[in-house]
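K.L.:
Residue numbers (our numbering): -12 to 176.
By construction, the Cβ of each residue, glycine as well, lies at the ideal position given by its N, Cα and C atoms.
Questions regarding the structure given below will be posed in turn.
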Ligand code: GAR
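Here it is as C-alpha cells:
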C-alpha cells in the first residue's frame, strides 16, 4: 500500500477527488494533507474526510526557500509518504527538494503542457486564440511545470469564454484526470 501526501495552497478540490479515489482496491492511501497557507480552504475539507493535516506557512521564511523546504520536509517525515501529489500547491520548489522526491512527486497543471507553463494559463490560451485548452499531470523535475507527462485531457475553448469560464471547464477534467493518473502511477511504482 503506497502512502500519499498531498500539498495544497487553496480550496483543494483536486485534493478531495484524490482522497475520495483512494478507496476500495486502490493501491494507495492518503496519509497527510499539507498546506503552505493556514487559511487554505482545503484543510478543513481534508479533516472532514478524516485525513491528517499540517501547515507550514512559507511567509516567515521570506526569500529563504531552502529553509521553508526543510520545514516542509520535517512536516512530511512522520507521514512516511511514498508519493507526493501537488494539487494547487502554489510555491516553486528548489532542485534540492525536488531531487529528494524525484520519481515520486506528481503535479497537476491547468494547461496542455508544454504550452503555458507558470501562471494565468487560461487567460494566455484565450488570448492566443487557441481552440483547445486542458490539463496535464506530470512528474515533477527541477524545471518548472516540466517533467514526464503522465496524462493529459483536452478541453474546448468556446467563443466568449472568460478565463474563469475556462478554468471551471478545465477543473471538471482535472478532477477525473488526476485520480486516474495517481492510480496508474501508484500501480506501477
Ligand atoms: C487547479 O486548477 C490546478 O491545476 C492549479 O490550481 C488549481 C487548484 O485548484 N494548479 C496550478 O496552477 C499549479 N501551478 P484546487 O485547489 O481546487 O485543486
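1) If you measure between the beta carbons of residue 5 and residue 145, is that distance less than 8 Å?
2) Please name the residue in 90, 55, 28 whose C-alpha comes closest to that of residue 72.
3) State the start and end residues of the unbroken beta strand (DSSP E) segment that holds residue 121.
4) Would you report the Cα separation of residue 49 and residue 61, rounded to the nearest angstrom?
5) What does a CB cutoff of less than 6 Å around residue 98 pick up in its chain, not counting 5 residues either side in sequence?
6) Kindly indicate which three-state DSSP category residue 140 falls into: helix, strand or coil?
7) Here's a check: name, in chain order, each residue in its chain whose Cβ is nearer than 8 Å to the Cβ of residue 21, leaving out the five neighbours to either side.
8) Taking only three categories from DSSP, how would you classify residue -4?
P.N.:
In short, the structure shows the following:
1) Locating residue 5 in the chain shown gives position 18, counting from the first residue. Locating residue 145 in the chain shown gives position 158, counting from the first residue. Cβ distance not < 8 Å, so residue 5 and residue 145 don't count as in contact.
2) Here residue 72 corresponds to residue number 85 of the chain shown, with the count starting at 1. The shortest Cα separation from residue 72 among 90, 55, 28 belongs to 90.
3) Translated into positions along the chain shown, residue 121 becomes position 134. Per DSSP, residue 121 belongs to the beta strand (DSSP E) from 119 to 126.
4) The count along the chain shown starts at 1 and reaches residue 49 at position 62. The count along the chain shown starts at 1 and reaches residue 61 at position 74. Roughly 18 Å between the two C-alpha positions.
5) Taking the first residue of the chain shown as 1, we reach residue 98 at position 111. Counting only Cβ-Cβ distances below 6 Å, and skipping sequence neighbours, we find 108.
6) Here the question's residue 140 lines up with position 153 in the chain shown. Reduced to three states, the DSSP call for residue 140 is strand.
7) Counting from 1 along the chain shown, the entry for residue 21 is found at position 34. The residues are -8, -7, -6, -5, 40, 41, 42, 43, 59, 62, 63.
8) Counting from 1 along the chain shown, the entry for residue -4 is found at position 9. Three-state result, residue -4: coil.
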